[in-house]
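Quick note on numbering: my numbering labels position 315 of the sequence shown as 334, and the sequence is numbered without any gaps.
Cβ coordinates follow ideal geometry from the N, Cα and C atoms, glycine included.
Data block below; observations after.
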Amino acid sequence: MFKKPLDLLAIGDVTIDAFIHIPGASAGVVPANAAHVVCTDMAKEHCELCLPFPDKIPFDSVQEIAGVGNSANAAVAAARLGLRSALVASVGDDRYGRQCIETLKKNTVDTRYISVEKGIETNYHYALWFETDRTILIKHHEFHYHFADPNPPRWIYLSSLSDNSYDYHIAIATYLEKNPSIKLAFQPGTFQMKLGTTKLAPFYKRSDVFIVNIEESQLILQTKDEDIETLLLGLAKLGPKIVLITDGPNGAYMYDTSGNNTGAGRTYFMPIYPNIKPPYERTGCGDAFASTFVSALILGKTTLEALAWAPINSMSVVEYVGAQAGLLSRPKLEDFLKKAPPSYQPTIYNNHLENQS
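Have a look at this one:
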């Protein structure tokens, strides 16, 4: 029997996140052995989580969340919104690997492309959760990546992979070249950004949607320039049709050249969705934004409609622990959209890039 192609095939490492909740100071008093945050700027954009060394630091709880990671989160977000999604990843032949697979299945993500490797441990990360944010201790195990030439999906969503995955990237790029009808969303992880834009040029040039935050855009472009439009245009010149840069609670920006053949585009700003409750834990906020934007496009929405969808899932995710608990179904997301205030809409940010290419 003929089966419909997958809507989204996510490619990237999957992990267990162990959230270690570290209590904050009470009444502004920091005990000698307590964790605390030190910021080096007034805007509190450059901060460090400080732990007394050597000492014993109290913590409240540990919560393990299985089947997460940038690409896994994208696959779950797409499935919650009613799309047929799958994940290409590797896990170890251990209980953590089985937990990841079982969790993804419960979220109706197709797991047929997940490889189980003997002798390698499943990725396990430690999230030091302090107040509403976290610092994550990561370790990507070096799996024997192999791209199995799956049936072509409508979209591929590529994100974080281990340091030994360059040959794997070449195989993925070859597959995309053989299947020009597949659209590509690229949300680069740490190793992919370190590789540079030359080695991964096929992915930048091939991307229909490219998503990073401000700091990541500066790293990729090797600049300290903070001008949003300069960063957007710099990334667009690498090839992506749509560039998205997120800026946390300050909103997000989009440079869109997908609607014309001239290479010129238009820049938009999108505010965050008004929080119903104060943020509880921020992990997965960016993943929710990126994957919801792509899912909306797959569902036939325009780029501006997708830009309005994306912050809603981000708003919901930060009200829960971990990257997936708050991901919404399509009816719930559309209900939030109906209830949004008039100010919640994309606006043209500045026109001075429109005539540049």
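Beta-carbon proximity of residue i to residue j, cut-off 8 Å
| i | j | result |
| --- | --- | --- |
| I30 | I175 | yes |
| P298 | E353 | no |
| I35 | Y187 | no |
| A146 | F38 | yes |
| T286 | Y363 | no |
| V107 | C119 | no |
| E300 | R153 | yes |
| A85 | T122 | yes |
| Y132 | P169 | yes |
| Y223 | L251 | no |
| H160 | S134 | no |
CA-to-CA distance, residue j to residue i, given in whole angstroms
| i | j | result |
| --- | --- | --- |
| K358 | I191 | 41 Å |
| G270 | E83 | 30 Å |
| T366 | A329 | 15 Å |
| L102 | K256 | 31 Å |
| S104 | V56 | 39 Å |
| K22 | D112 | 30 Å |
| K75 | H40 | 15 Å |
| A315 | P73 | 49 Å |
| I157 | N232 | 19 Å |
| L27 | P71 | 45 Å |
| D32 | L195 | 19 Å |
| G345 | T302 | 11 Å |
| T217 | S80 | 44 Å |
| G319 | W148 | 37 Å |
| G116 | L263 | 32 Å |
| G215 | L356 | 38 Å |
| E245 | N183 | 32 Å |
| A325 | P361 | 17 Å |
| I230 | C66 | 23 Å |
| T249 | A283 | 14 Å |
| A167 | A53 | 49 Å |
| K197 | E64 | 43 Å |
| L347 | I201 | 26 Å |
| I189 | V340 | 35 Å |
| A220 | P207 | 12 Å |
| T193 | E234 | 30 Å |
| T321 | K351 | 19 Å |
Own chain residues within Cβ distance below 6 Å of residue i, not counting five before or after
| i | result |
| --- | --- |
| V228 | A204, I261, V313 |
| A46 | Since pLDDT at A46 reaches only 46, below the 50 mark, its modelled position is unreliable, and the value read off the structure follows with that caveat. So the list is empty, once near-sequence residues are dropped. |
| A93 | A29, Y176, S310 |
| L240 | G253 |
| S226 | L203, F205, P259 |
| K296 | E338 |
| Y164 | S184, Y187 |
| R349 | L100, G101 |
| K137 | D112 |
| L323 | P365 |
| I247 | Y272 |
Nearest residue (CA-CA) to residue i, options the options
| i | options | result |
| --- | --- | --- |
| S179 | W148, H163, H165, Q211 | Q211 |
| A342 | S80, A91, L219 | A91 |
| T209 | S236, S80, G138 | S236 |
| T151 | P268, N183, L219 | P268 |
| C69 | H160, F308, G43 | G43 |
| L25 | C66, A97, N89 | A97 |
| I155 | F308, G88, T322, R349 | G88 |
| T141 | H165, R114, I189 | R114 |
| V95 | P199, I247, P221, F308 | F308 |
Residue i at chain C interface by Cβ criterion, 8 Å
| i | result |
| --- | --- |
| K213 | Included in the structure is just one protein chain, with no chain C present. |
Residues near residue i in its chain [Cβ-Cβ closer than 7 Å; skip 5 each side]
| i | result |
| --- | --- |
| G305 | N232, T265 |
| I139 | G111, H160, F162 |
Sequence-distant residues of the same chain with beta carbon closer than 8 Å to residue i, five excluded per side
| i | result |
| --- | --- |
| Y185 | L214, K218 |
| K243 | Q237 |
| P199 | none |
Taking contact to mean 3 or more Cβ pairs, one atom from each stretch, closer than 8 Å, check whether the stretch 126-137 and the stretch 263-277 are in contact. no
Q. Do the stretch 317-335 and the stretch 281-297 make contact, defined as three or more Cβ pairs closer than 8 Å?
A. yes
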